[in-house]
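Below is one structure, written out as structure tokens, with a few remarks after it.
Chains as they are written, first to last, in my numbering: chain V, 1 to 156; chain X, 1 to 156.
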């Protein structure tokens with residue numbers, strides 16, 4: 001794994017999230033875990049990923065409490081499952097899916113995230129204020145901690 | 001840049017999105033562009049990123065139509081701005097921010113995405129069906145293209 005800058009203590013929650021899930025393999029592993037993939041060999045086959053890369057990613061996901069691993073039999077196959085913290089990443093995957101559906105070229109056979117009950121697409125995710133207003137990018141700001149050399153907020 | 005597998009023609013829209021924005025620098029560049037950063041030197045200073053890495057990422061973002069670049073004066077500084085396609089990534093950043101706020105340790109000074117009107121946090125993003133039901137992970141499925149060796153859908 002390429003060593004990189006850590007964002008673990010970054011003041012921005014986006015950066016802190018990316019510190020844990022900010023590479024494509026990690027998010028694809030999480031996607032597959034949502035899809036019911038449990039075993040090392042199945043992740044490997046499904047993703048076409050090198051063993052060492054998969055191994056590092058799974059280990060980090062377990063360390064960060066996003067997956068946990070169960071062994072049915074001692075020495076047997078481990079089964080990786082999303083924790084509650086991991087399941088809470090589903091909205092990230094759904095926003096990526098909705099953007100991909102709208103802004104990338106659909107291959108002839110594209111999968112889609114749907115409501116399991118009727119196989120209809122989910123409602124498009126909107127950004128909503130506490131009072132229910134739908135927000136556009138210019139309606140959103142970043143509230144920064146007060147520091148001498150910074151403005152307290154800026155347009156997002 | 002490390003050469004990697006391309007997901008451009010992947011049947012999964014999440015993979016296709018990650019093909020374009022699936023590394024931490026790219027999403028942080030987009031975050032800063034939402035925050036009003038426009039110039040190469042400002043991205044560099046703000047992110048603490050090496051010039052060659054920033055340069056490659058900006059070029060790719062322009063090529064993929066997520067940023068465009070304007071030159072006020074010929075030969076002068078370029079100004080990078082989010083296109084509509086780029087602005088459509090805001091929900092991805094918001095879901096990452098909300099997950100980070102809830103599931104990573106807040107440093108003493110954490111920034112927050114807020115409603116610019118009253119500096120209140122946004123409503124928590126929910127996954128909602130066409131008929132308005134709030135969906136949990138087990139309510140969501142992946143509709144796959146029909147293929148001989150695949151089930152047509154599976155629980156997400």
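Cβ atoms here follow ideal geometry from the backbone N, Cα and C, with glycine treated the same way.
query	result
Between residue 16 of chain V and residue 93 of chain V, is the Cβ-Cβ spacing less than 7 angstroms?	no
Check whether the Cβ atoms of residue 28 of chain V and residue 58 of chain V lie closer than 7 angstroms to each other.	no
With a CB to CB cut of under 8 angstroms and the five nearest residues on each side skipped, what residues in its chain are close to residue 154 of chain V?	A caution first: residue 154 of chain V carries a pLDDT of 45, below 50, which makes its placement in the model too unreliable to give a value.
So who's on the other strand from residue 134 of chain V, going by DSSP bridges?	V/128
Counting only beta-carbon separations shorter than 7 angstroms, does residue 128 of chain V have a partner in chain X?	yes
Could you name the residues of the segment 53-77 of chain X whose beta carbon sits closer than 8 angstroms to any beta carbon of chain V, in the order they occur along the chain?	none
Can you determine whether any heavy atom of the ligand PLP sits closer than 6 angstroms to the C-beta of residue 95 of chain V, and answer yes or no?	Because no ligand of any kind appears in the structure shown, any question about the ligand PLP cannot be addressed here.
Count the other C-beta atoms from every protein chain shown that fall within 10 angstroms of the C-beta of residue 131 of chain V, then say buried if there are 16 or more, exposed otherwise.	exposed
Does DSSP put residue 45 of chain V in a helix, a strand or coil?	helix
Can the beta-carbon of residue 14 of chain V be found less than 7 angstroms from the beta-carbon of residue 116 of chain X?	no
Let me confirm a value: residue 23 of chain V is counted as buried when at least 16 other C-beta atoms fall within 10 Å, else exposed. Which label applies?	buried
Residues of chain X with CB under 9 angstroms from residue 125 of chain V, in chain order?	91, 94, 95, 125, 126, 127, 128
Kindly list the residues whose CB is nearer than 7 angstroms to the CB of residue 160 of chain V, restricted to its own chain and excluding five residues on each side of it in sequence; keep chain order.	With chain V covering 1 to 156 only, the question about residue 160 of chain V has no answer from this structure.
Using a Cβ-Cβ distance cut-off of 7 angstroms, determine whether residue 22 of chain V contacts chain X.	yes
Label residue 113 of chain V either buried or exposed according to how many other C-beta atoms from any shown protein chain fall within 10 Å of its C-beta, with 16 as the threshold for buried.	buried
So which residues on chain V does residue 114 of chain X lean against when the C-beta distance must stay under 8 angstroms?	140, 141, 142, 143, 153
If I follow the unbroken beta strand (DSSP E) through residue 82 of chain V, where does it start and stop?	78-82
Bridge partners of residue 67 of chain V, per DSSP?	V/82
Starting from residue 121 of chain V, follow its DSSP beta bridges and name the residues at the other end.	V/114
For residue 52 of chain V, count neighbouring C-beta atoms within 10 Å of its own C-beta (all shown protein chains included) and say buried if the count is 16 or more, exposed if not.	exposed
Compare the C-beta of residue 45 of chain V with all C-beta atoms of chain X and state if any pair is closer than 7 angstroms.	no
List, in chain order, every chain X residue whose beta-carbon is nearer than 8 angstroms to that of residue 48 of chain V.	5
How many angstroms separate the CA atom of residue 105 of chain V from the CA atom of residue 139 of chain V?	29 angstroms
Just mark residue 148 of chain V as buried or exposed, buried being the case when its beta carbon has 16 or more other beta carbons within 10 Å.	At residue 148 of chain V, the pLDDT of 40 sits below 50, so the modelled position is not reliable; the number obtained from the coordinates is stated separately. Classification for residue 148 of chain V: exposed.
Please list, in chain order, the chain X residues whose beta carbon lies closer than 8 angstroms to that of residue 29 of chain V.	Those do not exist, as residue 29 of chain V stays about 12 angstroms from chain X at its closest Cβ, beyond 8 angstroms.
Taking Cβ positions only, does residue 51 of chain X come closer than 7 angstroms to chain V?	no
Which term fits residue 10 of chain V, buried or exposed, when burial requires 16 or more other beta carbons within 10 angstroms of its beta carbon?	buried
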